[in-house]
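Chains as they are written, first to last, in the working numbering: chain Z, 185 to 386; chain E, 541 to 765.
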């Protein structure tokens with residue numbers, strides 16, 4: 185969807201003839217809200233899922249997750265085997281973390297093995313070079329006047345419209361209309377709640 | 541009832557001239573009408589579409605453009621809906637596994653789902669989804685059941701007044717909002733009963749009508765957003 189149309193819709197709802205004639209806000213602010221809330225929708229729901237890859241090279245155990253990663257529901261090795269996801273907490277129960285490559289294949293991964301954020305650690309480290317398949321939920325591309333397209337279902341346009349109106353009317357100042365902000369934000373909350381039920385959460 | 545007649549009703553509710561030369565224009569009213577219908581369909585899942593999705597051994601993940609998947613079948617055989625986690629529990633190599641028939645699917649996101657196993661050869665799934673309504677022009681007819689077309693006028697009027705006006709106008713809009721939310725809840729109830737008869741995989745969430753109305757347009761002192 186092209187959010188340029190949403191920008192104009194928001195402008196009319198703020199009593200302006202177009203986004204170029206906003207009295208108390210700027211088009212840049214509205215774009216920032218559209219961007220912020222499109223990310224929020226992707227955090228709250230499984231808005232976008234993509235299949236990415238990581239090239240694993242022996243004997244390296246840790247790899248940066250693919251760009252825009254929000255969560256990692258599954259990782260598969262080159263044979264299609266779903267690696268078991270393990271956390272630091274159950275590492276203790278599951279045996280020591282393998283620091284060096286072993287003869288048996290990689291069989292589990294961790295996203296919190298003290299390697300920092302957005303790092304995937306394999307256990308044991310790979311013996312052979314291979315391409316891992318990563319199924320991940322993602323943030324949408326940054327939204328702005330130069331990139332107004334959001335890959336999302338039709339209801340996301342209504343959601344972003346209501347959220348943006350709520351932001352504009354919720355701000356303290358001459359354009360402050362708390363009841364409008366409450367109404368628009370409430371509608372967006374309802375959409376978000378149903379979307380979580382239908383699409384799942386990351 | 542065609543959209544242009546409903547737009548007249550929206551503008552009359554808002555004490556506006558029906559030619560759209562007042563505070564609200566006809567395009568604005570049409571946009572609100574489209575939103576009212578889209579929200580009604582999103583919360584009630586009342587519109588459905590069944591379409592074929594071609595599958596083959598090259599991929600385990602496919603797309604749809606509906607609101608939610610209600611049912612998947614391969615030929616006449618129902619495909620079981622499971623979670624992504626239970627696919628891995630069923631078969632650690634589910635992502636690349638191949639067989640003659642698809643046993644299960646797992647929704648992945650707003651528009652993607654995974655199948656298990658992949659078919660050996662090219663095949664097709666019948667995917668039934670709740671769908672979004674088509675965008676209406678003034679000459680279009682809403683797709684939700686006829687008896688609820690008046691509720692769409694209520695919904696559009698309450699959205700316009702709720703978004704563009706505050707205070708007293710919003711208080712007046714509360715009755716329209718109540719009629720609209722009640723109608724959507726009634727449609728959702730009917731769809732829920734139907735979904736259970738057909739053993740659909742997803743049903744619309746229950747709508748707490750009074751709570752929703754009170755949250756959106758509260759009585760008494762204005763809340764701070």
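All C-beta atoms in this analysis are idealised placements derived from N, C-alpha and C, irrespective of residue type, glycine included.
Considering only residues of the same chain and omitting the five flanking positions on each side of residue i, which have a CB-CB separation below 6 Å?
i                      : result
residue 347 of chain Z : 221 and 372
residue 306 of chain Z : 245, 290 and 293
residue 606 of chain E : 669, 670 and 671
residue 353 of chain Z : 361, 364 and 365
residue 321 of chain Z : 230, 233, 254, 255 and 386
residue 658 of chain E : 597, 600 and 638
How many Å lie between residue i and residue j at the Cα?
i                      : j                      : result
residue 763 of chain E : residue 682 of chain E : Low confidence applies to residue 763 of chain E: its pLDDT is 47, below 50, so where it sits in the model is not reliable, and the reading given next is rough at best. Near 34 Å, if we compare the C-alpha coordinates of residue 682 of chain E and residue 763 of chain E.
residue 757 of chain E : residue 653 of chain E : 38 Å
residue 674 of chain E : residue 635 of chain E : 35 Å
residue 750 of chain E : residue 546 of chain E : 25 Å
residue 142 of chain Z : residue 333 of chain Z : The displayed coordinates of chain Z run from 185 to 386. Any statement about residue 142 of chain Z would go beyond what the structure contains.
residue 264 of chain Z : residue 728 of chain E : 41 Å
residue 212 of chain Z : residue 744 of chain E : 37 Å
residue 759 of chain E : residue 365 of chain Z : 15 Å
residue 385 of chain Z : residue 198 of chain Z : 32 Å
residue 603 of chain E : residue 383 of chain Z : 13 Å
residue 259 of chain Z : residue 311 of chain Z : 17 Å
residue 261 of chain Z : residue 233 of chain Z : 19 Å
residue 302 of chain Z : residue 225 of chain Z : 20 Å
residue 651 of chain E : residue 337 of chain Z : 8 Å
residue 739 of chain E : residue 698 of chain E : 35 Å
residue 712 of chain E : residue 590 of chain E : 41 Å
residue 367 of chain Z : residue 707 of chain E : 12 Å
residue 358 of chain Z : residue 200 of chain Z : 14 Å
residue 553 of chain E : residue 189 of chain Z : 26 Å
residue 228 of chain Z : residue 566 of chain E : 35 Å
Starting from the C-beta of residue i, find all residues in its chain whose C-beta is less than 7 Å away, skip the five residues before and the five after it, and write them out in chain order.
i                      : result
residue 755 of chain E : none
residue 192 of chain Z : 202 and 203
residue 765 of chain E : The predicted position of residue 765 of chain E is uncertain, since its pLDDT is 43 and thus under 50; no value can be drawn from it.
residue 573 of chain E : 543, 546, 547, 550, 676, 692 and 696
residue 723 of chain E : 688 and 691
residue 325 of chain Z : 331
residue 725 of chain E : 747 and 749
Report whether the distance from the Cβ of residue i to the nearest heavy atom of the ligand MG is below 7 Å.
i                      : result
residue 592 of chain E : Because no ligand of any kind appears in the structure shown, any question about the ligand MG cannot be addressed here.
Helix or strand or just coil, what does DSSP make of residue i?
i                      : result
residue 307 of chain Z : strand
residue 332 of chain Z : coil
residue 318 of chain Z : strand
residue 646 of chain E : strand
residue 640 of chain E : coil
residue 709 of chain E : helix
residue 614 of chain E : strand
residue 656 of chain E : strand
residue 554 of chain E : coil
residue 583 of chain E : helix
residue 236 of chain Z : strand
residue 762 of chain E : Residue placement at residue 762 of chain E is poorly supported in this model, since its pLDDT is 49, which falls under 50; the coordinates are not used for a value here.
residue 205 of chain Z : helix
residue 733 of chain E : helix
residue 252 of chain Z : coil
residue 752 of chain E : helix
residue 661 of chain E : coil
residue 678 of chain E : coil
residue 362 of chain Z : helix
residue 685 of chain E : coil
residue 192 of chain Z : helix
residue 578 of chain E : helix
residue 602 of chain E : strand
residue 620 of chain E : strand
residue 703 of chain E : helix
Grab me the residues of residue i's own chain with a C-beta within less than 8 Å of its C-beta, minus the 5 sequence neighbours each way, in chain order.
i                      : result
residue 237 of chain Z : 250, 315, 316, 317 and 318
residue 753 of chain E : 714, 717, 718 and 721
residue 588 of chain E : 610, 668, 669, 670 and 671
Under 8 Å, with one C-beta from each stretch per pair, do the segment 620-630 of chain E and the segment 643-662 of chain E reach the 3-pair mark?
yes
Below 8 Å, how does it come out for the segment 658-668 of chain E and the segment 583-595 of chain E: are there three or more Cβ pairs, yes or no?
yes
Tell me whether the segment 575-587 of chain E and the segment 705-719 of chain E touch, counting them as touching only if at least three CB pairs, one residue from each stretch, are closer than 8 Å.
no
If contact is defined by three or more beta carbon pairs under 8 Å, each pair taking one atom from either stretch, is the segment 699-710 of chain E in contact with the segment 361-381 of chain Z?
yes
Of the residues that make up the segment 600-627 of chain E, which ones have a beta carbon closer than 7 Å to any beta carbon in chain Z?
601, 607, 608 and 624
Contact residues within the segment 727-756 of chain E, judged by C-beta distance below 9 Å to chain Z:
742, 744, 745, 747, 752, 755 and 756
When you check each C-beta in the segment 358-373 of chain Z against every C-beta of chain E, which residues fall closer than 7 Å?
361, 362, 363, 364, 365, 366, 367, 368, 369, 370 and 371
Residues, ordered as in the chain, of the segment 572-583 of chain E that lie near chain Z by beta-carbon distance below 8 Å
575, 578, 579, 582 and 583
Closer than 9 Å between beta carbons: that is the criterion. Which residues of the segment 314-344 of chain Z meet it against chain E?
317, 319, 321, 335, 336, 337, 338, 339, 340, 341 and 342
Which residues of the segment 543-577 of chain E have a Cβ closer than 7 Å to any Cβ of chain Z? Give them in chain order.
568, 571 and 575
Near-chain Z residues of the segment 639-663 of chain E - C-beta to any C-beta below 7 Å
647, 648, 649, 650, 651 and 652
Contact set between the segment 669-700 of chain E and chain Z, restricted to residues whose Cβ is under 7 Å from the partner:
672
Along the segment 705-727 of chain E, what residues have a CB closer than 8 Å to any CB found in chain Z?
705, 706, 707 and 710
Using a Cβ-Cβ cut-off of less than 8 Å, give me the residues of the segment 201-213 of chain Z that come near chain E, in sequence order.
none
If you measure beta-carbon to beta-carbon, which residues of the segment 584-596 of chain E are closer than 9 Å to chain Z?
585
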